[in-house]
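With the UniProt record's numbering, the residue at position 334 of the sequence shown is 334, and numbering never jumps. Idealized CB from N, CA, C, for every residue including glycine.
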Amino acid sequence: MDFFDKTPAPRILPFRRADTGVPAAGTGESTTAVPAIAPVVLEARLGAKEAPAVRIFLGTQPEQHRAERVFFYSLLRVRNPDRRYEVYRMSGLPGFDRRGWRTGFTNYRFAIPDLAGRHGRAIYNDVDQIYLADPAELFDLPMDEHGYLALLPEDTAVMLIDCARMAPCWNFASACHTAKKTLCTEAAAEPGRWGALDPRWHARDQEYRHGESKLLHYTALHLQPWRPTPDRYSYHINPHAECFHSLEQAANREGYEIYTAENPSPGFSSACRQLTGAAATRPDEICRQVRERGAASLALVGAWSEANASGLSVAHRPIEALRRSDLPRQDTVAVTGLEQLPPEDLPWLVDRLFQLARQQVFVKVSVGPEGAPNGDLESWRTLLRRVARRHPDRGWQLDGEDRQGLVQRYRADMARRIQDSDTLPTVWLLHSIHPGDNMQLIDLAKTLGWPYEFKRLQDCLAKPATPWPDLAISVGWLSSWVARRIKRRSGGKTRLVVLGRPFAPLSHFDLVVTTPQYGLPLRRNVVDLPAPFLNERPLDAAALDACRQRFAHLPRPWIALLVGGSSKPYRLDAQTATALGREASAAARSRGGSLLVSTSPRTSDSATDALLAAIDVPVWSYRFGSAGDNPYPALLALADAFVVTGESINMLTEACMTGRPVAMFPLPARRLPLGGLLNASERFLNAIGRMASRRGTPLQQSLLGRLCDKAVEVGWFNRERLIGQVHRALGVSPLPEGLDRLPGLSPELLAGSRARAVQAIRDLMLDREAQAFRSSPEGVGPVEADLAKALQATDRNRGMLARTDAATRPRRRSAKH
């Protein structure tokens, strides 16, 4: 849906508040004026019936810029186009004592009555939330004389506030100087002041119910999918991460930004005026590169000095001119000084640069405030990558100066390199002993669309003929060890991607694509998926019709029973198989249907015999390895519902990809004494960060959890697989209720997660290896004496790889991962 066809663009309007004359707490006089906030306004469409504006006050901070953008986008998707919405961004407000705050906006919520002029209603939201229903419905709820509605008196992350009634208790002065707990206690002390909020308007983490919840709140800070503060938390996969990621992907596709060229942030114009008279940068290096690329025209945006424009048409423009829609396009656009502008404006400014360039964008910047969209060079790089995806035929170069004065150069010009050489990146898939792993490798390679070869590990360990591949993809401990050998022998040319977990330091790989059961900490080079990377497997019409005729005599619904087998620590023996057959039969009988049974390579003969003996409803069965074609793809296409053994993540994922009901049959876990002791220790210490509070939501991360994550990151040990984490991410239920509901993760969300993994690999291959050099008064230019520093990190990594190579040689161990 294109929401920009249905709703007016957001406008930024000044908000003027009447003077309330509120004294500071305990002083009798005001020490800090109540600030006036300019809201982001979503106007009602012309001709709409007049109704009160929906006022939303959003607690946010610079580190939460990704969450803030998705919050606004979620609002845009569910809003009523006949209502006006005013969103007041509460960030960096003056006068507050921030000691003891967990976030940068903890007490702002209690200042809302004053910020709103002590009249009317207001909604408060934390920034780490997304709307799934129209907040106008929340705004219009009956309050029954209550001063505020919240889930609990002390849980104020989502509130509907009567500003006039709450002003004596909650005001700007008290919010500045009084602790949050005290303010909540005082508010709840008066009978009737607090009222209970419908819990659908505040679903916290695991309280979320697909199709029922109207707002999702990511309360556990170490499970926030956008990873805002990696210096403070060690992040893990959130089972509902795809709700956030799908909204962010849609915003990226549509080019949505909170602020735009037509409606920049309130501070944009004044920041541009302050740039007047800034020291000019010499563009000689830029001009040289432009001429080498054969470009004919160049636009210099920002404070550049006059250029040696021999053979070039050069236009100089101030940054503020980027707001104009009539600027002519140039072959190349170069900009400097963006770091001096409000971080909220950077996305639309960068997008304008790409719109105005035919071939190449050059960006010369310094890092901005920590945590902001320009707070480090990786943040700049991420922003450029995101915007460039909508302009795939244009390359870009980032020259970013860090806080030590070292300039890092990143070039993303794969499109031009492919065009010049007519050569796509080459890919090696490192063979695994598990068919399910190889299936993931092939599906990923096919989706990338680059030429690939399947390589046996013994062939890679021998001295192979060059050239080495551009990319090697592995899965499992043995092939990951071989992949590191390939990277070392290629001199670092080959990029490494590993699926699952590598059984090695995460830093040894360019990208790790993992799933929830492994419990890996999410570092910069780790992409989290809710389930394995598997594509749909359509059958041709003739084969599908033949299978349909084969099952035609069976009563519907057809319930496919997909059976896995023992996989440490989960066991499928004859006793468990008998229980599975009885429960599946009972479920099919109650629905008047039949079972379509298919076993797998891991299903033992004894378990298969016990399973089939226990089934007492109409059944069609296939024993793996027997004569005839495997009907598994046909079962995925034709079954009305599925029962899948819980340890088989691949089969669960493929069943969920059908969009039909899926029930999970959990296998019992049977551990050896040592394994049981380690598992119990992890849970007791809360080191895995997966334990829940008394209300069922995850606890905030402890120091022990971060230390445990560090040990996993450097490869000291691997956690036990917890299959239940994948069950939660997929949103599947056990027998029999799972047969009556759809999985929480839709086929569209699963497809979106696979698209994220593919995009991460493309981004990895897009950027050329960085150079580093000192900036100079003459402009950006390499200094040979400093190139050694540029390679220092790479040399350290290679040295570590060489030292650990012998220590990580293959040893006898379980191949299960």
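Asked: Does the region 338–352 come within contact of the region 268–288, defined as at least 3 CB pairs closer than 8 Å?; Found: yes
Asked: Excluding sequence positions up to five away, which residues of its chain have a Cβ less than 6 Å from the Cβ of Val333?; Found: Ala299, Leu353, Leu356, Ala357, Val361
Asked: Taking DSSP as the reference, what is the three-state secondary structure of Arg121?; Found: strand
Asked: Nearest to Pro113 by alpha carbon, out of Ala613, Ile123, Leu383?; Found: Ile123
Asked: Tell me which same chain residues have a C-beta within less than 7 Å of the C-beta of Leu138, skipping the five on either side of it?; Found: Ile123, Leu160, Trp201
Asked: May I have the straight-line CA-CA distance separating Val617 from Leu580, to the nearest angstrom?; Found: 13 Å
Asked: What is the residue span of the alpha helix (DSSP H) that Gln289 lies within?; Found: 284–292
Asked: Determine the direct distance from the alpha carbon of Leu58 to that of Glu68, and round the result to whole angstroms.; Found: 9 Å
Asked: Within this structure, are the beta carbons of Leu461 and Arg485 separated by less than 9 Å?; Found: yes
Asked: Which word fits Ile258, buried or exposed, when buried means at least 16 other C-beta atoms lie within 10 angstroms of its C-beta?; Found: buried
Asked: Assuming Ser594 and Pro555 form a contact by the criterion Cβ under 8 Å, report the distance between their Cβ atoms to the nearest whole angstrom.; Found: 5 Å
Asked: Should Asp128 be labelled buried (16 or more other beta-carbon atoms within 10 Å of its own) or exposed?; Found: buried
Asked: Can the beta-carbon of Gln397 be found closer than 9 Å to that of Gln289?; Found: yes
Asked: Rounded to a whole number of angstroms, what is the C-alpha to C-alpha distance between Glu248 and Arg411?; Found: 25 Å
Asked: Assign Ala36 to buried or exposed, taking buried as 16 or more other Cβ atoms, counted over all protein chains shown, within 10 Å of its Cβ.; Found: exposed
Asked: Run through the DSSP bridge pairs and tell me what Phe642 is partnered with.; Found: Ala560, Val662
Asked: Report all residues from its chain with a CB closer than 7 Å to the CB of Leu539; omit the five preceding and five following residues, and keep chain order.; Found: Pro633, Ala634, Ala637
Asked: When you compare the CB positions of Asp709 and Ser174, do they come within less than 9 Å of one another, or not?; Found: no
Asked: Taking C-alpha atoms, which residue in Thr514, Arg524, Leu522, Phe624 lies nearest to Gly565?; Found: Phe624
Asked: Just to confirm before moving on: does the CB-CB distance between Pro530 and Asp640 stay below 9 Å?; Found: no
Asked: Would you mind sorting Leu152 into buried or exposed? The rule is 16 or more other CB atoms within 10 Å of its CB.; Found: exposed
Asked: Would a check of beta-carbon distances place Arg227 closer than 9 Å to chain D?; Found: Chain labels in this structure do not include chain D; a single protein chain is all it has.
Asked: Does the separation of the CB atoms of His119 and Arg193 fall below 9 Å?; Found: no
Asked: Short of 6 Å in beta carbon distance, which residues of its chain neighbour Trp226, apart from the five on each side in sequence? Order them along the chain.; Found: Arg66, Ala67
Asked: What residue does the alpha helix (DSSP H) around Tyr73 start on, and which one ends it?; Found: 65–78
Asked: Of the choices Lys568, Ala552, Arg762, Ser604, whose alpha-carbon is the least far from that of Leu596?; Found: Ala552
Asked: Please return the same chain residues whose Cβ sits closer than 7 Å to the Cβ of Arg602, not counting the five positions on each side in sequence.; Found: Gly564, Gly565, Ser566, Ser567
Asked: In the DSSP output, which residue or residues are listed as bridge partners for Gln397?; Found: Phe362, Arg411
Asked: Taking buried to mean at least 16 other C-beta atoms within 10 Å of its own C-beta, is Ser606 buried or exposed?; Found: exposed
Asked: Using CA atoms only, rank isn't needed, just tell me which of Asn525, Trp170, Val643 is closest to Glu583.; Found: Val643
Asked: Look up Ser594 in the DSSP assignment and give the residues it is bridged to.; Found: Trp558
Asked: Enumerate, from N- to C-terminal direction, the unbroken beta strand (DSSP E) stretches of 3 or more residues contained entirely within the region 324–358.; Found: 330–336
Asked: Look up Gly195 in the DSSP assignment and give the residues it is bridged to.; Found: Leu149
Asked: Hey, which unbroken runs of the alpha helix (DSSP H) at 4 residues or more fall wholly within the region 730–769?; Found: 747–766
Asked: Distance, Cα to Cα, Leu327 vs Gly302?; Found: 15 Å
Asked: In its own chain, which residues sit with a C-beta less than 7 Å from the C-beta of Ile761, not counting the 5 before and 5 after it?; Found: Leu448, Val497, Leu511
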